[in-house]
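Novice: Just passing along the structure, written as structure tokens.
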Amino acid sequence: MDINNAKYFISFQAKCKDCDEVLFGWCYKKPENLEPLEVHILTKDTRGAKQNYTDNLLKIPQKNVLESLVELKHTSLAGNIHNIGCDPLCVHYWTNHQLLIYRDLHKEYCRLSVDATGSLVKKLKRTSLNLISGDIFLYEAVVSQGFGHFPVSQMISERHDTITISFWLDLWIKSGANPPNEAVSDCSKALLGAMCRSFCSCDLRTYVKNCFSNLNGSTCDIPPCFIRIDVSHMIKLFCRLKILNEIRNKRLKEFYVRGFRLLLTSTTLEMFKQILKSLMTVILSYTDGYLDDNNTKPNSSESSRIFLLSLIDSTSYNENNSEELEIHHLENASEELDENPITIYEQDEVKIFIDEVENESNIDALIEGNRESAYYLPGLIKDLKRYCYDFPLWT
């Protein structure tokens, strides 16, 4: 090509795969050495073309969100969208394929995870006043197996309470899904309460008390579904406590986070009680050290701290390394849902058990050592007890 006589140095054409609009591009002159290439583009404004292409693919004639959902429910997605509510917005959907896969996976031990996330669905505008809807979340139930994770049911909802979530799970079970053997969630009381109602036919507090009775050797019936809180979410909430974030000593904070992790991973009631008592004793003791001048008789705080450190050190290097990363990444993380509401607990068996451990720790904390304790942090007790009132959900 004769560059001197050509109108363009280079030119090209392309076609949009979504709307078939043609694009023409060109460059008038060859750039000098180290000079950028100046390219001109001529095409139709295709903003919104991808959405229009998707609408046409799904055969959505309406631009109104709710009208489009109703149209899909009775046409191309019939049998997949099961329930639609407009104010507040609520959409329940799962496919027959998802239901068949779940039934097949349920032939073995089935572990279901239920979680919610925001920032995916745009808020709606309602009425001529352009009233903005509340936050809209996507709820998803996922089966975890050795080969990976498979979603089996979904809900889009503007409400985030126990009744709304339970209604979704009840409809899913009514469609032919059996309750799972184990259900895992974050610390959201709404999610936990809904799983208890739908999978165990009881409220959350009744479930916790029944599990505690079984731990004590009672003859209560074993729950048909085990409700569990994800460990990483518990550590996240603990790391975000205000009193821990005000600690400048990183090692001190890590000590309490690792001690809390020991509680989360306890496998027996006796071990849980021993770790909790030791942790509370260290937190409440103004002094530690020894009772004699020869430093041979440690006080209760010193013995408890040594015991906890020995358990922490007994974990493998890989576990410690991953936990350090977990603490680093989760301590300032934000939550989508309010997973940590203030709950008023009645004087039940679990609360009495935790309060008795605190009383024993208070007595041990009064035994003075020969030096001030750097681990003295009484403000942490209130939050620690609040989490421990639900400890049967941890393991």
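So the working numbering is basically just the index in the sequence shown, starting at one, shifted up by 1098.
Note that the Cβ used here is the ideal one computed from N, Cα and C, for glycine as well.
Identify every residue that forms a DSSP beta bridge with Y1191.
Specialist: Position 93 of the sequence shown, counted from the first residue, corresponds to residue 1191. Answer is I1179 and Q1252.
Novice: Can you tell me which of C1486, P1278 and S1402 puts its alpha carbon nearest to the alpha carbon of R1201?
Specialist: Taking the sequence shown and counting its residues from 1, one reaches residue 1201 at position 103. Among C1486, P1278 and S1402, the Cα nearest to that of R1201 belongs to P1278.
Novice: Taking just the CA atoms, how far does N1154 sit from R1224?
Specialist: Here residue 1224 refers to the residue found at position 126 when the sequence shown is read from its first residue. Here residue 1154 refers to the residue found at position 56 when the sequence shown is read from its first residue. Approximately 25 angstroms, taken between the alpha carbons.
Novice: Have a look at K1171 and K1205 and give me their C-alpha separation to the nearest angstrom.
Specialist: Against the sequence shown, residue 1171 aligns to sequence position 73. Against the sequence shown, residue 1205 aligns to sequence position 107. Straight-line Cα distance between these residues: approximately 30 angstroms.
Novice: Between E1421 and I1410, what straight-line distance do the alpha-carbon atoms span, to the nearest angstrom?
Specialist: For the purposes of this step, residue 1421 is identified with residue 323 of the sequence shown, where counting begins at 1. For the purposes of this step, residue 1410 is identified with residue 312 of the sequence shown, where counting begins at 1. Residue confidence for E1421 is low, a pLDDT of 48 falling below 50, so the modelled location carries little weight and cannot support an answer.
Novice: Within its chain, find whatever has a CB closer than 8 angstroms to the CB of F1310; leave out the 5 residues flanking it on each side and keep chain order.
Specialist: Within the sequence shown, the letter at position 212 stands for residue 1310. Only E1447, V1448, F1451 and P1490 meet the Cβ criterion.
Novice: Is it the case that the segment 1364-1384 contacts the segment 1468-1484, given that we only count it when at least three CB pairs across the two stretches are under 8 angstroms?
Specialist: Yes, since at least three Cβ pairs between the segment 1468-1484 and the segment 1364-1384 fall closer than 8 angstroms, the two stretches touch.
Novice: Considering only DSSP beta bridges, list what Y1388 is partnered with.
Specialist: Counted from its first residue, the sequence shown places residue 1388 at position 290. Bridge partners of Y1388: P1396.
Novice: In its own chain, which residues sit with a C-beta less than 6 angstroms from the C-beta of M1293, not counting the 5 before and 5 after it?
Specialist: Translated into positions along the sequence shown, residue 1293 becomes position 195. Cβ within range, chain order: A1281 and I1325.
Novice: Can you give the Cα-Cα distance for E1437 and A1214, rounded to whole angstroms?
Specialist: The count along the sequence shown starts at 1 and reaches residue 1437 at position 339. The count along the sequence shown starts at 1 and reaches residue 1214 at position 116. In this predicted model, E1437 has a pLDDT of only 48, less than 50, meaning its place in the structure is not dependable; the value taken from the coordinates is given anyway. Their backbone Cα atoms lie some 11 angstroms apart in a straight line.
Novice: Alpha carbon to alpha carbon, what distance is there between L1389 and P1321?
Specialist: Position 223 of the sequence shown, counted from the start, is the residue given in the question as residue 1321. Position 291 of the sequence shown, counted from the start, is the residue given in the question as residue 1389. If you take the alpha carbons of P1321 and L1389, they lie about 48 angstroms apart.
Novice: Please identify the residue among M1369, V1240 and S1255 whose C-alpha is closest to the C-alpha of L1218.
Specialist: Translated into positions along the sequence shown, residue 1218 becomes position 120. It is S1255 whose Cα lies nearest to the Cα of L1218.
Novice: Can you give, in chain order, each stretch of the beta strand (DSSP E) that sits fully within the segment 1258-1330 and has at least 3 residues?
Specialist: With a minimum length of 3 residues, the continuous beta strand (DSSP E) runs that stay inside the segment 1258-1330 are 1280-1283 and 1324-1327.
Novice: Use the C-beta contact count for E1352: other C-beta atoms within 10 angstroms, 16 or more gives buried, fewer gives exposed.
Specialist: Stepping through the sequence shown from its first residue, residue 1352 is reached at position 254. Burial call: buried.
Novice: Consider the Cβ of D1268: report whether some Cβ of chain B lies at a distance smaller than 8 angstroms.
Specialist: Any reference to chain B falls outside this structure, which holds one protein chain only.
Novice: Within a Cβ cutoff of 6 angstroms, which residues of the same chain sit near Q1372, ignoring the five residues on either side of it in sequence?
Specialist: In the sequence shown, the residue the question calls residue 1372 occupies position 274. Cβ neighbours of Q1372 beyond the five flanking positions: none.
Novice: Please classify R1145: is it buried, with 16 or more other beta-carbons within 10 angstroms of its beta-carbon, or exposed?
Specialist: Position 47 of the sequence shown, counted from the start, is the residue given in the question as residue 1145. It is exposed - the Cβ of R1145 has fewer than 16 other Cβ atoms within 10 Å.
Novice: What residue range does the alpha helix (DSSP H) around S1459 cover?
Specialist: For the purposes of this step, residue 1459 is taken as the residue at position 361 of the sequence shown. Residues E1447 to A1463.
Novice: Around the Cβ of I1461, are there at least 16 other Cβ atoms within 10 angstroms (buried) or fewer (exposed)?
Specialist: Here the question's residue 1461 lines up with position 363 in the sequence shown. Per the 10 Å Cβ criterion, exposed.
Novice: Assuming L1170 is part of the alpha helix (DSSP H), what are its boundary residues?
Specialist: Counting from one through the sequence shown, the residue named residue 1170 turns up at place 72. Unbroken alpha helix (DSSP H) run through L1170: V1163 to H1172.
Novice: Decide if R1068 is buried, meaning its Cβ has at least 16 other Cβ atoms within 10 Å, or exposed.
Specialist: The structure shown does not extend to residue 1068, since the chain is modelled only from 1099 to 1493, so the question has no answer here.
Novice: For V1137, which three-state DSSP category applies?
Specialist: Counting from one through the sequence shown, the residue named residue 1137 turns up at place 39. It is coil, neither helix nor strand.
Novice: How big is the Cα-Cα spacing for E1344 and S1286?
Specialist: As a working note, residue 1344 is residue 246 in the sequence shown. As a working note, residue 1286 is residue 188 in the sequence shown. Each residue's alpha carbon lies about 25 angstroms from the other.
Novice: Measuring straight from C-alpha to C-alpha, what distance separates K1115 and K1148?
Specialist: Indexing the sequence shown from 1 puts residue 1115 at position 17. Indexing the sequence shown from 1 puts residue 1148 at position 50. Spanning the two alpha carbons is a distance of roughly 9 angstroms.
Novice: Note down the Cα distance separating L1464 from S1273, rounded to an integer number of angstroms.
Specialist: Within the sequence shown, the letter at position 366 stands for residue 1464. Within the sequence shown, the letter at position 175 stands for residue 1273. Distance between the alpha carbons of L1464 and S1273 is about 59 angstroms.
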